[in-house]
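Below is one structure; the comments refer to it alone.
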Amino acid sequence: MIYVGGTNLTQTNFSHYYNGSEIVVAGEITDNNIETFTPQVVAISSNRRIIFSNPNETVESTGTVSDDHIQRVWAYLTVKQLLEKELQLSGPEKEKVKKEAMELSLKYSFVTPLTSMVVTKPPGENTDVLHKPKEGETSQRWPSPGGQPNLAHLTPASGYSGQWVLSADYGIAYVLENPDYLEPVDAPIDATDAPLLHRFLLNSTGNQTVPLCFDISGAIILKLFHHPSRGQYSNGELDSIANGGFSKIFIHIKTHQHVEVDAESQRVTVRDGQAVTYQAAGQDPSTVGSVTVTVYNTEIHIAPEDILLVISQHEKNGQRLLWPVLRQQPSTNNTEGLLAVKPAVYEVVQQVPVTKLKIKNQETDVTSTDPPVTKNCWLMSADSALQRPLADFFMAQL
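Heads up, the sequence shown is in the UniProt record's numbering, so the first residue is 1 and it goes up one at a time.
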């Protein structure tokens with residue numbers, strides 16, 4: 001979505017749009033001048049790029065929707081996106097985004113992880129804070145005195161902590177070498193309230209036995225492996241399963257050769273220009289140009305030239321998911337993407353009162369806990385683990 005003459009916009013890039021779906025983008029028109037406002041939609045399908053633009057079309061207000069309602073829609077979307085962004089940051093940037101989300105939540109009376117609802121009783125009564133009950137506990141209920149309604153307002157949540165913890169889940173490098181550990185982990189909070197997270201592990205070097213790990217929020221598209229000089233690009237779309245995997249992985253070679261792996265349909269599609277073939281387990285390898293595709297029962301091997309990308313197929317909670325690993329690195333080093341990130345090198349510089357790791361002269365707080373599964377890791381922000389902004393790995397399309 002492109003809005004010339006618009007400002008303070010909510011999310012404008014969306015990876016999918018299905019028949020019957022709705023997309024809502026809210027913002028302000030610069031200087032309130034409708035004449036300079038030009039909306040444009042750029043849609044990319046499997047085989048073409050379409051642009052929709054009608055700058056002269058407007059819809060007269062019926063008066064049934066107030067400006068305040070539209071502002072609340074904008075605030076709701078903005079707070080939601082700030083909370084997702086805050087999970088991926090650390091340090092001053094994290095605090096800045098968290099403060100912005102909390103201020104908007106208080107202004108528009110939204111209950112979020114950063115705010116609590118306070119029920120104020122009539123004068124002479126005590127003021128109580130209603131916290132969300134823990135699982136298995138009965139919720140607190142406070143009756144209002146007869147004829148005197150309770151008043152509710154929001155305050156910043158107490159006890160909010162941004163401290164990193166040591167967790168034990170699985171990531172790209174670990175899962176592919178240890179598929180038996182693909183077991184669900186008990187969530188510390190209700191699944192309905194938990195953000196959709198996927199955990200990734202970075203291999204460590206030398207005597208560093210505990211790898212680094214980080215979470216990525218949302219079903220987004222990530223840059224897995226790009227080799228620009230050869231025109232080879234691999235991108236993956238995360239699924240909608242908490243701590244799941246990838247739902248789709250696409251590999252592009254030059255401009256006309258493509259390999260598409262879809263977990264839901266269990267289909268491997270090989271495209272060479274207008275020619276399309278489908279690969280299944282047990283069939284002979286398919287070779288298109290310099291790319292060879294071989295499908296096994298639980299793995300898919302894709303080998304362009306001297307690179308070997310292996311995509312493992314797993315199942316969790318009845319849904320299939322994909323995990324990629326670069327089994328064979330190319331002879332050149334001008335590569336980028338999550339699968340091209342070098343093994344982490346860190347140093348434990350402090351253990352009391354808070355454990356700190358130093359990575360490239362930058363210190364990050366971590367906390368060690370007993371892991372619920374076999375593999376444990378140092379959990380930190382994605383930016384700290386990758387030593388670059390996580391946004392560098394975001395892609396607009398597969």
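Each residue gets a CB set at the ideal place from its N, CA and C atoms; glycine is no exception.
Just to confirm the assignment, what range does the beta strand (DSSP E) spanning residue i have?
i: G236; result: Q232 to L238
i: Y108; result: That residue, Y108, is in no beta strand (DSSP E); its alpha helix (DSSP H) goes G91 to Y108.
i: S53; result: R49 to S53
i: T38; result: T38 to I44
i: Q310; result: Inspection of the sequence shows that residue 310 is occupied by Val rather than by Gln. Per DSSP, V310 belongs to the beta strand (DSSP E) from L308 to K316.
i: K223; result: I221 to H227
i: V341; result: Looking at the DSSP string, V341 is not in any beta strand (DSSP E), and its letter there is neither H nor E.
i: C213; result: L212 to S217
i: F200; result: L197 to L202
i: Q321; result: Per the sequence presented here, residue 321 reads as Leu, with Gln not at that position. That run of the beta strand (DSSP E) goes Q319 to Q328.
i: I2; result: I2 to V4
Please report the distance separating the alpha-carbon of residue i from that of residue j.
i: P113; j: G218; result: 17 Å
i: residue 485; j: T269; result: Only positions 1 to 398 of the chain appear in the structure, and residue 485 is not among them; the question remains open.
i: V310; j: A382; result: 24 Å
i: V291; j: I302; result: 7 Å
i: P304; j: T78; result: 42 Å
i: L343; j: E336; result: The question names Leu, but residue 343 in the sequence shown is Pro. Approximately 13 Å, taken between the alpha carbons.
i: D215; j: T115; result: 23 Å
i: S109; j: W74; result: 13 Å
i: C213; j: N32; result: 46 Å
i: N13; j: P211; result: 33 Å
i: V325; j: Q232; result: 16 Å
i: residue 417; j: P228; result: For the chain, the structure presents residues 1 to 398; residue 417 sits outside this window and is missing.
i: I2; j: F37; result: 10 Å
i: S384; j: Q274; result: 43 Å
i: T7; j: L106; result: 22 Å
i: Q362; j: L379; result: 15 Å
i: L104; j: E95; result: 14 Å
i: I300; j: I220; result: 22 Å
i: E260; j: E35; result: 43 Å
i: T30; j: H258; result: 42 Å
i: Q397; j: V41; result: 15 Å
i: R388; j: F394; result: 12 Å
i: Y76; j: S286; result: 49 Å
Where do the N-terminal and C-terminal ends of the alpha helix (DSSP H) with residue i fall, by residue?
i: A385; result: A382 to L386
Whose C-alpha, out of the options, is nearest the C-alpha of residue i?
i: V345; options: S109, S229, L386 and N13; result: L386
i: N235; options: G245, K223 and F394; result: K223
i: G244; options: A281, Q257, R320 and R230; result: R320
i: K99; options: Q88, Y108 and L82; result: L82
i: Y10; options: L196, G27 and L357; result: Reading off the sequence, residue 10 comes out as Thr, not Tyr. Minimum Cα distance to T10 is reached at G27.
i: H314; options: Q279, A280 and S247; result: S247
i: T298; options: G282, L308, D306 and I307; result: G282
i: D306; options: E347, V348, R230 and A280; result: R230
i: K80; options: M395, I251 and V111; result: V111
i: A263; options: R72, I359 and W323; result: W323
i: V288; options: N317, I253 and P92; result: I253
i: L376; options: V341, R199 and S286; result: Note on identity: in this sequence residue 376 is Asn, with Leu being the wrong assignment. Out of V341, R199 and S286, R199 has the C-alpha closest to the C-alpha of N376.
i: E347; options: L339, A340 and I359; result: I359
Please report whether the beta-carbon of residue i lies at a distance below 9 Å from any beta-carbon of chain D.
i: G218; result: As a matter of chain content, chain D is missing from the structure shown, which is built from one protein chain.
### Message
Closer than 8 Å is the cut-off here; do at least three beta carbon pairs connect the stretch 66–78 with the stretch 13–21?
### Response
Counting C-beta pairs with one atom in each stretch, the stretch 66–78 and the stretch 13–21 have fewer than three that are closer than 8 Å, which means they do not touch.
### the stretch 325–342 contacting the stretch 238–250, beta-carbon criterion three pairs below 8 Å
These segments do not touch.
### Query
What runs of the beta strand (DSSP E), each 3 residues or longer, lie entirely inside the stretch 240–302?
With a minimum length of 3 residues, the continuous beta strand (DSSP E) runs that stay inside the stretch 240–302 are 246–253, 257–262, 267–272, 275–279, 286–288 and 291–295.
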